[in-house]
Amino acid sequence: MAQPTAPPRPVEVGEGSNRRKKKKKIVSRESFEASKARTANNYYIRHALFKWFTENVEHREIFRKYNTPGTSMGVRRFVEHVALHTVFVHDSSRLRLRKRRDIFELHTVPLDLITMPTFEIHDEAWYPWILKGYFALGILTYWVVSRITAPYGRHWARGWGPTGSVRECWIVMESPSLWATVLFYSMGEQKLGRVPLILLRLYQVHYFNRVLIHPLRMKGIRGKTMPLIVPLAAFGFNILNSYVQGRWLSNYGEYPDSWLTSPKFIIGVTIFSLGFIGNFWSDSVLYGLRTDEDDRSYRIPHGGLFRFVSNANYFAEMVEWLGWTIMTWSPAGLAFFVYTLANLVPRAKSNHSWFLKKFPDYPRERRILIPYLY
Numbered sequence: 001m002a003q004p005t006a007p008p009r010p011v012e013v014g015e016g017s018n019r020r021k022k023k024k025k026i027v028s029r030e031s032f033e034a035s036k037a038r039t040a041n042n043y044y045i046r047h048a049l050f051k052w053f054t055e056n057v058e059h060r061e062i063f064r065k066y067n068t069p070g071t072s073m074g075v076r077r078f079v080e081h082v083a084l085h086t087v088f089v090h091d092s093s094r095l096r097l098r099k100r101r102d103i104f105e106l107h108t109v110p111l112d113l114i115t116m117p118t119f120e121i122h123d124e125a126w127y128p129w130i131l132k133g134y135f136a137l138g139i140l141t142y143w144v145v146s147r148i149t150a151p152y153g154r155h156w157a158r159g160w161g162p163t164g165s166v167r168e169c170w171i172v173m174e175s176p177s178l179w180a181t182v183l184f185y186s187m188g189e190q191k192l193g194r195v196p197l198i199l200l201r202l203y204q205v206h207y208f209n210r211v212l213i214h215p216l217r218m219k220g221i222r223g224k225t226m227p228l229i230v231p232l233a234a235f236g237f238n239i240l241n242s243y244v245q246g247r248w249l250s251n252y253g254e255y256p257d258s259w260l261t262s263p264k265f266i267i268g269v270t271i272f273s274l275g276f277i278g279n280f281w282s283d284s285v286l287y288g289l290r291t292d293e294d295d296r297s298y299r300i301p302h303g304g305l306f307r308f309v310s311n312a313n314y315f316a317e318m319v320e321w322l323g324w325t326i327m328t329w330s331p332a333g334l335a336f337f338v339y340t341l342a343n344l345v346p347r348a349k350s351n352h353s354w355f356l357k358k359f360p361d362y363p364r365e366r367r368i369l370i371p372y373l374y
C-alpha cells in the first residue's frame, strides 16, 4: 500500500529562491529625452525601410525570397531584421547597403543619384497628357520640317536671326539629355532598381557620344555658325524628352530583374547596340571626308551603309531608337521613335536632293534613307 506523501512545505520569499528585489532605476531627464529620441529615430528608420522594401518591384522580389511558405517572417519582421543587421558603407564612388560582416550585398546605388538633391513630383494626372502631346508634336514636326529645311549644316541660310558657334551650340542643345534625364529619373520611386539603372546608362551612352564626343570630332567647322533658333528648339525638345524618358524609367515602368532575360530586352538591346555602332561608324566616315578644321568642302561618302543610302547615319540612329522602344516596351520609347522618324525622314530627303544637285556623278542607285526601300 502506497505511503501518503507529505504536503509540500511552503517556501517563503527569500528562502531557497534566487529572486532578487529589483531596485528602482532613477534616470536623468537628459537620458530620458535621449532614449525617446532614439526610439523615435528607430521608428522612422523602420518605417522608411518598410516603405523602401514594399513599394519597389525589385525589393518585393528580395522579400519573396525570405518570405517562403512555412515561415513566420512577415514584412515587418523582415524589415526589422534588415534594420538590425545592415549598415551603410560609403566610399568615393558608391553608397552600399550591406549586411554586417559583408555576408551579402542588398543593393548598390550610383553615388550621383544619392548626392543629387531630389524631391517628389506628383504628375500622375498630367504625365499621360504630356505623352499624348509628345506624339502630337511628332506629327507637327513632320509637317513643318517637310516644308521648311532647318538652316544648319549643308542647308545653312541667312535670315534666321542671331547665330552662334556650331560646336558650342551643339553641346548646349544636346546637354539636357545627360543632366536633365538624371534629374527627372532621380524623382522616381524605382530609381534604385537594377533594370531602370541599366536602361538609364544605355540611354546615356548614346548621349555621352552625342554631347561630348561628336562635337569634338567634327571637322571643318572652325568659324561656322548656326542660327540660335535651331539650338533653342532642340534644347526645349531634349528637356521634354528627358522628362518623358526619365519619369517612365524610374516611376511608371515596371522592370523586375527578370526583364534582363526577357526576349524584349535581349532583342531590343541587340538592335540598339547595332544602331549605335552603325551611327558611330557612319559619323566617322563623314568626319574622314575632311582633312582639318579649315576644310569646308563636301565630298561623296562611300563604304558600309553609304553604298545603299545617302543618310546612313540617320538610318542607324532610327535603328537605335527602334531598339530602345523594344527594350523598354513603353509608350515613352515609342513616342521618341515616332518623333525621330518625323524629324529625320524629311531631313534625309532634303540631304539626298542636295547631293543629287551638288554632284553630277552621284550614285543614282542609292536610296534616301532605308536600303532598297526608301
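The letter at position 227 of the sequence shown is residue 227 when you use the UniProt record's numbering, and the numbering goes up by one with no holes.
Glycine included, each C-beta is placed from N, C-alpha and C at the ideal position.
Which of helix, strand or coil DSSP assigns to residue i
| i | result |
| --- | --- |
| Thr225 | strand |
| Arg366 | coil |
| Thr163 | strand |
| Phe104 | Residue placement at Phe104 is poorly supported in this model, since its pLDDT is 34, which falls under 50; the coordinates still yield a value, given next. Phe104 falls in the coil class under three-state DSSP. |
| Arg94 | Residue placement at Arg94 cannot be trusted, given a pLDDT of 39 that sits under 50; what the coordinates show is reported in the next sentence. If DSSP states are grouped into helix, strand and coil, Arg94 belongs with the strands. |
| Ser72 | Interpretation of Ser72 is limited by its pLDDT of 41, a score under 50 that renders its predicted location unreliable; the figure taken from the coordinates is listed afterwards. Reduced to three states, the DSSP call for Ser72 is coil. |
| Val109 | Low per-residue confidence applies at Val109: pLDDT is 41, beneath 50, and the placement is therefore not dependable, though the value from the model is reported in the following sentence. Strand. |
| Thr261 | helix |
C-beta atoms of residue i and residue j nearer than 9 Å
| i | j | result |
| --- | --- | --- |
| Ile218 | Val166 | Per the sequence shown, the amino acid found at residue 218 is Met instead of Ile. Yes; because the gap between Cβ atoms is below 9 Å, this pair is in contact. |
| Ser310 | Gly253 | no |
| Phe336 | Asn209 | no |
| Thr328 | Leu199 | yes |
| Gly275 | Leu212 | no |
| Arg194 | Leu137 | no |
| Ser146 | Pro346 | yes |
| Ala332 | Gln245 | yes |
| Arg366 | Phe306 | yes |
| Ile130 | Tyr298 | no |
Cβ-Cβ separation, residue j to residue i (assumed contact under 8 Å), whole Å
| i | j | result |
| --- | --- | --- |
| Val230 | Tyr314 | So it is not a contact: roughly 17 Å between Cβ atoms. |
| Tyr207 | Glu174 | 7 Å |
| Pro371 | Phe308 | 4 Å |
| residue 381 | Ala316 | Nothing in the structure corresponds to residue 381, since the chain is present only between 1 and 374. |
| Gly278 | Val319 | 7 Å |
Chain-order list of residues whose beta-carbon lies under 6 Å from that of residue i (same chain, five-residue window excluded)
| i | result |
| --- | --- |
| Pro196 | Gln190, Leu249, Ser250, Tyr255 |
| Ala348 | Asn311, Tyr314, Ile368, Leu369 |
| Pro215 | Arg167, Trp170, Ile171 |
| Ile121 | Met187 |
| Arg247 | Phe184 |
| Ala157 | Pro151 |
| His352 | Ser310, Ile368 |
| Phe265 | Trp259, Met327 |
Own chain, CB closer than 8 Å to residue i, minus 5 neighbours either side, in chain order
| i | result |
| --- | --- |
| Ile239 | Pro176, Ala180 |
| Trp354 | Arg154, His155 |
| Thr163 | Thr225, Met226, Pro227, Leu228 |
| Val205 | Phe276 |
| Leu178 | Gln204, Tyr207, Phe208, Val211 |
Residue-level contact to chain D via CB, residue i, 9 Å cutoff
| i | result |
| --- | --- |
| Ser177 | Chain labels in this structure do not include chain D; a single protein chain is all it has. |
Contacts around residue i, its chain only, beta-carbon distance under 7 Å, and the 5 residues preceding and following it disregarded
| i | result |
| --- | --- |
| Lys132 | none |
| Phe135 | Ala335, Val338 |
| Tyr374 | Arg367, Ile368 |
| Tyr362 | Ile300, Phe355, Leu356 |
| Phe280 | Asn209 |
| Ile267 | Ile326 |
| Gly161 | Pro227, Leu228, Ile229 |
| Pro128 | none |
Does the region 298 to 315 come into contact with the region 229 to 247, if we say contact requires no fewer than three beta-carbon pairs (one atom in each stretch) closer than 8 Å? Counting C-beta pairs with one atom in each stretch, the region 298 to 315 and the region 229 to 247 have fewer than three that are closer than 8 Å, which means they do not touch.
Could you check whether the region 345 to 361 touches the region 265 to 276, counting it as contact only if at least three pairs of C-beta atoms, one from each stretch, sit closer than 8 Å? Between the region 345 to 361 and the region 265 to 276 there are fewer than three C-beta pairs closer than 8 Å, too few to call the two in contact.
Is it the case that the region 219 to 228 contacts the region 138 to 158, given that we only count it when at least three CB pairs across the two stretches are under 8 Å? Taking one beta carbon from each stretch, the region 138 to 158 and the region 219 to 228 have 3 or more pairs nearer than 8 Å; the two touch.
Would you call the region 338 to 349 and the region 124 to 143 touching, i.e. three or more CB-CB distances under 8 Å? Enough Cβ pairs lie closer than 8 Å, so yes.
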